[in-house]
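Trainee:
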Amino acid sequence: MERKPKVLITGAAGRIGSSLSELLKDRYDLRLLYHRTIPENKPAPDFVVADLADYEQTLKASQGVDAVVHLAADPSAAAPWEAVLEKNIIATRNVYEAALVSGARKVIFASTNHVMGFYDRDLEWPVYSSQLPRPDSLYGVSKAFGETLGRWYADQHGLSVICLRIGWWQPKPRDEISRWMWLSPRDFAQLVVKSIESPLRYGVFYAISGNSRRKWDITDTMLKLGYEPQDDAEDFAAELDAALKAPER
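Count the sequence shown with the working numbering and you get residues 1 to 249, in order.
1) Considering only residues of the same chain and omitting the five flanking positions on each side of VAL101, which have a CB-CB separation below 7 Å?
2) What whole-angstrom Cβ distance do ARG134 and TYR119 have, given they're in contact under 8 Å?
3) Considering only residues of the stretch 131-197, which uninterrupted alpha helix (DSSP H) runs meet the minimum length of 4 residues and lie entirely inside it, listed in chain order?
4) Could you give the distance in angstroms between the alpha-carbon of ASP122 and the alpha-carbon of MET116?
5) CA-CA distance, ALA154 and SER209?
6) Could you pull the start and end residues of the alpha helix (DSSP H) that PHE118 belongs to?
7) Once the 5 residues before and after ARG93 are set aside, which same chain residues still bring their CB inside 7 Å of it?
8) Along the chain, where does the beta strand (DSSP E) containing ARG15 start, and where does it finish?
9) Short of 7 Å in beta carbon distance, which residues of its chain neighbour ASP220, apart from the five on each side in sequence? Order them along the chain.
10) Can you give me the Cβ contacts of LEU225 inside the same chain, cut-off strictly under 8 Å, excluding the 5 residues immediately before and after it?
11) Quick one: residues in its chain with C-beta nearer than 7 Å to the C-beta of ALA83, no 5 flanking neighbours on either side, listed in chain order?
12) For PRO5, collect the residues of the same chain with a Cβ closer than 8 Å to its Cβ; drop the 5 residues on either side in sequence, then sort them by chain order.
13) Compare the beta carbon distance of LEU52 and VAL95 with 8 Å and say whether it is the shorter of the two.
14) Whole angstroms are fine: how far does the CA of ASP187 sit from the CA of ALA144?
15) DSSP has TRP216 in a bridge; who is on the other side?
16) Is ARG165 near ASN88, with beta carbons less than 8 Å apart?
17) Based on the DSSP secondary-structure assignment, which residues constitute the bridge partners of ARG31?
18) Smallest Cα separation from LYS42: which of GLN57, SER19, GLU56 and SER62?
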């Protein structure tokens, strides 16, 4: 019987992490990393409790894994410097270094649309992953750092790094903005699988569903990763239109 790849998921207690763990638990041998919140019903029996800002804890959690899906971060666009420094910059460096030292072959880095946020603010669409970053917040800056640090680990050390710029992960789209930036749980799970199993050394890709009104280009995501989005926010058009027309209470 062929051994399943061992995959560490950081931030496994979060909404995205818990959903992803459920969707991938049968495909991979998962190790789930929690920080403060530890669910009672875990999707996989192998779990660790660690602070990613502590390198030794991160290294211990990374032992024996083939790939790391790094979701843990302070996700707020309003996060102050002190928060992004510890949770998004130092922690991300520790994840890359620990993956390298422990022998993992790949890191999937959860980046964000906020890396390119000023293109959106200035309505300069479509936005391509090959354009220069224009972060709209310190959160966006920290994720741009994570992408660039991953490039260095790929070039300098041969670690495979795939960066996924997540749009707006939601179980289903819920407002007008969702129509162009929604990322469904199953489309994200597909993207993570494609990234883990991709032979690419490095890449930065937009992670959104196949929304008809999307303003970010996913052509390279489809061509280079083999991504085939299954969901489109327009499938919920009637529900969204009704919600927008409903009077405020």
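Where is the CB? At the ideal position from N, CA and C, for every residue including glycine. No experiment lies behind these values; they were computed from the predicted model shown.
Mentor: On the basis of the data shown:
1) LEU59.
2) At roughly 6 Å, the Cβ-Cβ gap stays under 8 Å, so ARG134 and TYR119 are in contact.
3) Fully enclosed alpha helix (DSSP H) runs of 4 or longer: 138-157, 178-181 and 185-196.
4) Cα-Cα distance, rounded: 11 Å.
5) Distance between the alpha carbons of ALA154 and SER209 is about 27 Å.
6) From DSSP, the alpha helix (DSSP H) with PHE118 extends over 117-121.
7) LEU149.
8) Per DSSP, ARG15 belongs to no beta strand (DSSP E); it is in the alpha helix (DSSP H), 15-24.
9) Closer than 7 Å at the Cβ level, and outside the excluded window around ASP220, lie SER129 and PHE205.
10) Taking C-beta separations shorter than 8 Å and ignoring five residues to either side along the sequence, the partners of LEU225 in its chain run ILE162, LEU191, LYS194, SER195, SER198, LEU200, GLY203 and PHE205, following chain order.
11) Once the five neighbours on either side are set aside, the close Cβ partners of ALA83 are ASP74.
12) Same-chain partners within the cutoff: TYR28, ASP29, ASP66, ALA67 and ILE196.
13) With contacts defined as CB atoms closer than 8 Å, LEU52 and VAL95 qualify as a contacting pair.
14) When the Cα atoms are used, ALA144 and ASP187 turn out to be separated by approximately 23 Å.
15) Answer is VAL127.
16) Result no, Cβ atoms of ARG165 and ASN88 do not sit closer than 8 Å.
17) Assignment of beta-bridge partners to ARG31 by DSSP yields LEU8.
18) For the set GLN57, SER19, GLU56 and SER62, the Cα lying nearest the Cα of LYS42 is the one of SER19.
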